[in-house]
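Chemist: If you're matching positions, the sequence shown starts at 1 in UniProt numbering and goes up one per residue. Idealized CB from N, CA, C, for every residue including glycine. Computed from a predicted model, the values in this text were never measured in an experiment.
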Amino acid sequence: MSRTSKNSNKNATEEGENLNNIWEKFELKLNDWVTTTLPTIVSEVIKSIAGEAVKKHIDEYVSSTELEKSLGESIDFDSQQLHDEIKSINTELKTGLMELKNEVNMLKNENDNLEQYTKRCNIRIYGIPEAPTESTDDIVISFLQKELGVTISEVDISRSHRVGKKSNIARPIIIRFTKHNTKVMILRKRHLLKRNGRSLYRIQEDLTQTRRQLLKYLHDNCNNKVEK
1 MSRTSKNSNK NATEEGENLN NIWEKFELKL NDWVTTTLPT IVSEVIKSIA
51 GEAVKKHIDE YVSSTELEKS LGESIDFDSQ QLHDEIKSIN TELKTGLMEL
101 KNEVNMLKNE NDNLEQYTKR CNIRIYGIPE APTESTDDIV ISFLQKELGV
151 TISEVDISRS HRVGKKSNIA RPIIIRFTKH NTKVMILRKR HLLKRNGRSL
201 YRIQEDLTQT RRQLLKYLHD NCNNKVEK
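In structure tokens form, the structure reads like this:
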């Protein structure tokens with residue numbers, strides 16, 4: 001074997017040994033990295049992933065809480081706005097109702113005044129006995145002459161008749177005179193009915209139902225105060 005061939009074999013052997021040494025060192029470092037560094041990296045990655053997940057859940061919770069709060073505030077606002085609108089409508093309705101009541105009362109008063117005006121020539125006489133067949137004109141003429149000394153004739157009477165349902169008590173006679181002055185004259189002399197004390201008869205102005213009720217109320221209250 002030549003000298004050159006021996007040197008080549010020697011060099012190859014040395015290179016193989018060097019590669020083995022390098023690989024052994026690499027394996028040692030790799031094992032060391034796997035046992036020491038890799039767990040730390042994995043732990044950090046896990047922590048990072050877990051942190052992101054937790055953060056995501058927290059963000060979602062905060063968002064849902066804010067949404068719930070926002071919805072709650074919106075609902076409260078809408079509820080208050082609805083309450084205010086209903087209150088405003090109620091106020092308007094009450095005001096309108098009050099105005100309507102005032103208008104109705106005004107119309108009632110106007111109607112009562114008109115009705116009373118149509119009765120401006122009327123009187124009512126209470127207590128005159130009632131007969132099955134009678135002429136109320138003749139009865140009134142005779143009654144006024146006898147009780148008050150007032151002389152009238154049929155031309156002074158526009159119309160007369162009994163009012164109300166028949167019963168055991170004589171119904172009043174309502175008389176409409178042709179002139180307002182005749183009515184005034186009779187009302188001025190009606191006090192003569194009590195010249196001998198309490199009279200069985202009573203002469204009153206023909207009033208509307210509203211005014212008759214008011215007169216009765218005043219009459220009853222005055223009597224109660226006198227009795228007390």
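Classify ASP138: buried if its beta carbon has 16 or more other beta carbons within 10 angstroms, exposed otherwise.
Modeler: By one-based count along the sequence shown, residue 138 stands at place 138. So ASP138 counts as exposed.
Chemist: Report, in whole angstroms, the separation of the C-beta atoms of ARG124 and GLN204, which I expect to be a contact under 8 angstroms.
Modeler: If you number the sequence shown from 1, residue 124 lands on position 124. If you number the sequence shown from 1, residue 204 lands on position 204. Confirmed, about 5 angstroms.
Chemist: Could you compute how far the alpha carbon of THR208 sits from the alpha carbon of LEU93?
Modeler: Walking along the sequence shown from the start, residue 208 turns up at place 208. Walking along the sequence shown from the start, residue 93 turns up at place 93. Taking the straight line joining both Cα atoms gives about 33 angstroms.
Chemist: Among ASN102, GLN80, GLY96 and PHE177, whose alpha-carbon lies nearest the alpha-carbon of ILE141?
Modeler: Along the sequence shown, read from residue 1 onward, the residue named residue 141 stands at position 141. That would be PHE177, whose Cα lies nearest to the Cα of ILE141.
Chemist: On the DSSP bridge list, what partners appear for SER160?
Modeler: For this step, residue 160 is matched to residue 160 along the sequence shown. Its beta-bridge partners are ILE175.
Chemist: Tell me whether VAL226 is buried or exposed, calling it buried when 16 or more other Cβ atoms sit within 10 Å of its Cβ.
Modeler: Taking the sequence shown and counting its residues from 1, the one referred to as residue 226 is at position 226. Caution applies to VAL226, whose pLDDT of 48 falls short of 50 and renders its modelled position unreliable; the model cannot decide the point.
Chemist: Express the C-alpha separation of LEU107 and GLN116 in angstroms, rounding to a whole number.
Modeler: Mapped onto the sequence shown, residue 116 falls at position 116. Mapped onto the sequence shown, residue 107 falls at position 107. Each residue's alpha carbon lies about 14 angstroms from the other.
Chemist: Three or more C-beta pairs closer than 8 angstroms, one from the region 153-170 and one from the region 120-134: is that the case here?
Modeler: Yes, the region 153-170 is in contact with the region 120-134.
Chemist: To which residues of the same chain is GLN145 closer than 7 angstroms at the C-beta, ignoring the five residues directly before and after it?
Modeler: Taking the first residue of the sequence shown as 1, we reach residue 145 at position 145. Hits under 7 angstroms: THR151.
Chemist: Quick one: grab the DSSP three-state call for residue 256.
Modeler: Outside the shown range of the chain, which is 1 to 228, sits residue 256, and nothing can be said about it.
Chemist: Have a look at the DSSP bridge pairing and note the partners of ILE203.
Modeler: Against the sequence shown, residue 203 aligns to sequence position 203. Answer by DSSP bridge pairing, in chain order: ILE125.
Chemist: For the alpha helix (DSSP H) that ASN181 lies in, which residues bound it at each end?
Modeler: The residue given as residue 181 occupies position 181 in the sequence shown. Taken as a continuous stretch (DSSP letters only), the alpha helix (DSSP H) holding ASN181 covers 180-189.
Chemist: Taking the straight line between their C-alpha atoms, what separation do you get for LEU148 and ILE186?
Modeler: Here residue 148 refers to the residue found at position 148 when the sequence shown is read from its first residue. Here residue 186 refers to the residue found at position 186 when the sequence shown is read from its first residue. Straight-line Cα distance between these residues: approximately 8 angstroms.
Chemist: Could you give the C-beta distance for ASN122 and ILE174, rounded to a whole number, given that I count them as a contact under 8 angstroms?
Modeler: Indexing the sequence shown from 1 puts residue 122 at position 122. Indexing the sequence shown from 1 puts residue 174 at position 174. 6 angstroms between Cβ atoms; contact.
Chemist: Using 8 angstroms for Cβ pairs, my map puts THR182 next to ASP156. What's the rounded Cβ distance?
Modeler: As a working mapping, residue 182 is identified with position 182 in the sequence shown. As a working mapping, residue 156 is identified with position 156 in the sequence shown. Yes, THR182 and ASP156 are in contact; Cβ-Cβ is about 5 angstroms, under 8 angstroms.
Chemist: In chain order, what residues of the same chain lie with their CB nearer than 7 angstroms to the CB of VAL163, ignoring the 5 residues before and after it?
Modeler: Along the sequence shown, read from residue 1 onward, the residue named residue 163 stands at position 163. Excluding residues within five positions, the ones whose Cβ falls inside 7 angstroms are ARG171, PRO172 and ILE174.
Chemist: Give me the Cα-Cα distance between ARG120 and LEU97, rounded to the nearest whole angstrom.
Modeler: If you number the sequence shown from 1, residue 120 lands on position 120. If you number the sequence shown from 1, residue 97 lands on position 97. Computed Cα separation, rounded: 34 angstroms.
Chemist: With distances taken Cα to Cα, identify the nearest neighbour of ASN111 among CYS222, ARG211, SER199 and LEU218.
Modeler: As a working note, residue 111 is residue 111 in the sequence shown. That would be ARG211, whose Cα lies nearest to the Cα of ASN111.
Chemist: Helix, strand or coil for THR210, going by three-state DSSP, please let me know.
Modeler: Here the question's residue 210 lines up with position 210 in the sequence shown. Correct three-state label for THR210: helix.
Chemist: Express the C-alpha separation of THR95 and ASP206 in angstroms, rounding to a whole number.
Modeler: Here the question's residue 206 lines up with position 206 in the sequence shown. Here the question's residue 95 lines up with position 95 in the sequence shown. In a straight line, the C-alpha of ASP206 is about 37 angstroms away from that of THR95.
Chemist: Quick one: using the 10 Å Cβ neighbour count with 16 as the cut-off for buried, is SER160 buried or exposed?
Modeler: Taking the first residue of the sequence shown as 1, we reach residue 160 at position 160. Flag for SER160 reads buried.
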